[in-house]
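This note's numbering puts the sequence shown at residues 90 to 587.
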Amino acid sequence: AMVDEEGRISLGGACKALSLSPDQAMIAIGGRDVFKIVACEDSKFRVVESLQGRKNNLTFSSNDVHWHPQHAKSELIASAASNATVVIWNLKQRSHKHQQNLLECHSRTVNRVRWHPTEVELLISASMDGTALLWDIRNTITPSFKFNRPNSHALDARWCPHTVTKCAVAYNDGSVWVWDARKEKEPEQRLSAHFEPVWCIDWHPTLKNVIATASRDHTMRIWDLSEPKESRKVKKKNLGTQENVGIQGGQRNLRGGRMRLRRKSFGHEADALRSVARTIIVSSAARLAWRPHPYSLHIASCANVVDCKLHIWDVTDSFVPKASCEGHTQVLTSFQWHSNGKEVLSCAEDGMLLRHRISDAYQANKSLRTTCVSWNSNGHLASTYESIYRNFDPDAKPLQPEPKQEDQKEDTFTLNREIFKSKEKKGAPVSRRIKIFRPRIAKKSSDMIVCLAKRYALNSSDISGMCVFTHNAAVAREFGLPEVSHLWTMLSLLKSNS
């Protein structure tokens, strides 16, 4: 491993996942040819130990890693191996490179492993065989529960931090199922969340029943699972139908909009759950994670193709990321927030481990242009302006709206009408308007004819060194008559070619 002058560290191979220890002092990093424990020392990293064994042993090749979140079990690390095995590592055990248990009940590659946040003995794993298995590490022969969904792939699984027995599993058909650990036969809720595979999900750390989902369909959505009490039958005739109402004015709550998706028929009742926010991302998301308190409305995401940046979004204003962390040369594969919410660690296919400080990240809002002007073929001028917040701090006081100024009248143009005015609510931080200006012309057609007659040139002696037709085209354009101006221009071209 090499550490450069910026505090980054190269781990010698593509990384797929990382996880912080409970005290935030150590990092476990896994990949196809990488499995290392790295110490965080001030602003630098130091490799403490490499757990990588023989190259041909696939139990050392990891798709995901998760350090036990409890200090009482801080020596345990779980990894999802590509040979359908879940490996439990014990850093206090010296035999077999710290491998304590091999959980071998999956039939295909394991995509995700997660320790329970409060129950120290429980672990859940999600696999390509369509199952999510609940393990009690005191009995590693068979899983305690099996959440099975045939003909599907389980891509992610997360425990709910607010309900001990609740977990969510994401599938490749765009759905998310919420399971109760006491009932393995039937899920508690079914959510048709996306039109493409759901790569990752994450429960909100403080808001109960709020979950974020991200998919290959280039969207990241925030759902409130407690909204509906009724269920709705998903019928085939409604395939592809969707209702989307966007975020309302940037209000500091999660009820700014709604989205009701009817995805496809699974042969069961599907909950008509409400998507309370919607974020468009540049590419399909590989990972997402809520930012720790007090930044409870910020969420970070990274893409699995094309984009090599880590983006931090505000769910109340989801069109432009609040911050973007750079430094990797290939796509990110995993990241995790520091408990202080001001730093985030990331790894990528370039084999680099980086520490990002949000205060140093690129903030698009601070340089984003908010005004624009454009002409149309009729000689009308359109202008738009938008007042936006340029402060990244979510706890900052709202900016006071600027005092309204009277529209300035120019010699050539005057305000004609205002269109596309957005609905503004009290306290809304964003105001959007498009104003149209058109040339000032005489009110009566007879007055216009007189003005044109006085300004038109009838022969070359009336003007010096200028074509009569070109001069008359400019006069017609000045009076807001683009069609007449084009006619004079055509006459000029015809005369020049004759």
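For each residue, glycine too, the CB sits at the ideal point set by N, CA and C.
* To do: Out of Ser372, Ile447, Asp396 and Tyr260, state which residue places its alpha-carbon closest to the alpha-carbon of Pro381.
  => Ile447
* Asked: Under the three-state reduction of DSSP, which class applies to Ser214: helix, strand or coil?
  -> strand
* If you check the beta carbons only, do Ala243 and Val199 fall under 7 Å apart? -> No, these two residues do not count as a Cβ contact at 7 Å.
* To do: Since I believe Leu212 is in contact with Trp204 (beta carbons under 8 Å), could you give me their beta-carbon distance rounded to a whole number of angstroms?
  => 6 Å
* To do: Kindly indicate which three-state DSSP category Leu244 falls into: helix, strand or coil?
  => strand
* Asked: How many angstroms separate the CA atom of Thr459 from the CA atom of Asp218?
  -> 49 Å
* To do: Please report how far the alpha carbon of Val409 lies from the alpha carbon of Trp402, in whole angstroms.
  => 7 Å
* **Neighbourhood of Glu432 by C-beta distance below 8 Å, restricted to the same chain and skipping five residues each side** => Trp426, Arg444, His445, Arg446 and Ile447
* Would you grab the beta carbon distance between Leu377 and Ser390 for me? Rounded to a whole angstrom, and I think it's under 8 Å. => 4 Å
* Asked: Phe124 by DSSP, collapsed to three states: which one?
  -> strand
* **Supposed contact pair Ile369 and Thr308 - C-beta distance, whole angstroms, cut 8 Å** => About 6 Å separates the two Cβ atoms, so the contact holds.
* To do: Starting from Glu567, trace the alpha helix (DSSP H) both ways and give me its first and last residue.
  => Start and end: Val557 to Glu567.
* Would you list the residues sitting across from Lys235 in a DSSP beta bridge? => Leu222
* Hey, Phe124 and Ser151: beta-carbon distance below 7 Å or not? -> yes
* Asked: Does Asp218 get closer than 7 Å to chain C when you measure Cβ to Cβ?
  -> Of the protein chains in the structure, only one exists, and it is not chain C.
* Assign Glu507 to buried or exposed, taking buried as 16 or more other Cβ atoms, counted over all protein chains shown, within 10 Å of its Cβ. => With a pLDDT of 37 at Glu507, under the threshold of 50, the predicted position of this residue should be treated as unreliable, though the coordinate-derived value follows. Exposed, because fewer than 16 other Cβ atoms sit within 10 Å of the Cβ of Glu507.
* To do: Decide if the stretch 225-234 is in contact with the stretch 245-262; the criterion is three or more beta carbon pairs, one per stretch, under 8 Å apart.
  => Verdict: no, contact absent.
* Asked: If you compare alpha carbons, which of Leu180, Pro111 and Ser216 is closest to Gln159?
  -> Measuring from the Cα of Gln159, the nearest candidate turns out to be Pro111.
* Asked: What's the C-alpha gap between Trp464 and Phe526?
  -> 10 Å
* To do: Identify whether Arg347 lies in helix, strand or coil by the three-state DSSP scheme.
  => Residue confidence for Arg347 is low, a pLDDT of 33 falling below 50, so the modelled location carries little weight and cannot support an answer.
* By how many angstroms is the C-alpha of Glu138 removed from the C-alpha of Leu399? -> Looking at the two C-alpha atoms, the distance is approximately 27 Å.
* Looking at the structure shown, is Ala542 part of a helix, part of a strand, or coil, going by DSSP? -> helix
* Asked: Of the choices Asp131, Lys181, Gln188 and Arg183, whose alpha-carbon is the least far from that of Val175?
  -> Gln188
* Starting from the C-beta of Trp224, find all residues in its chain whose C-beta is less than 8 Å away, skip the five residues before and the five after it, and write them out in chain order. => Val175, Leu192, Leu211, Leu212, Ile213, Ser214, Pro232 and Ser233
* Cross-strand partners of Leu377 (DSSP beta bridge) -> Answer by DSSP bridge pairing, in chain order: Ser390.
* Flag this pair as yes or no: are the beta carbons of Ala259 and Val265 separated by less than 7 Å? => In contact: Ala259 and Val265 (Cβ atoms closer than 7 Å).
* Asked: According to the neighbour-count rule (16 or more other Cβ atoms, all chains shown, within 10 Å of its Cβ), is Arg279 buried or exposed?
  -> buried
* Rounded C-alpha distance that separates Leu107 from Cys436 -> 7 Å
* Cβ pair Glu273, Lys297 closer than 7 Å -> Cβ atoms of Glu273 and Lys297: not closer than 7 Å.
* How many Å lie between Leu100 and Trp379 at the Cα? -> 26 Å
* By DSSP, does Ile370 sit in helix, in strand, or in coil? -> coil
* DSSP state of Thr418 mapped onto helix, strand, coil -> coil
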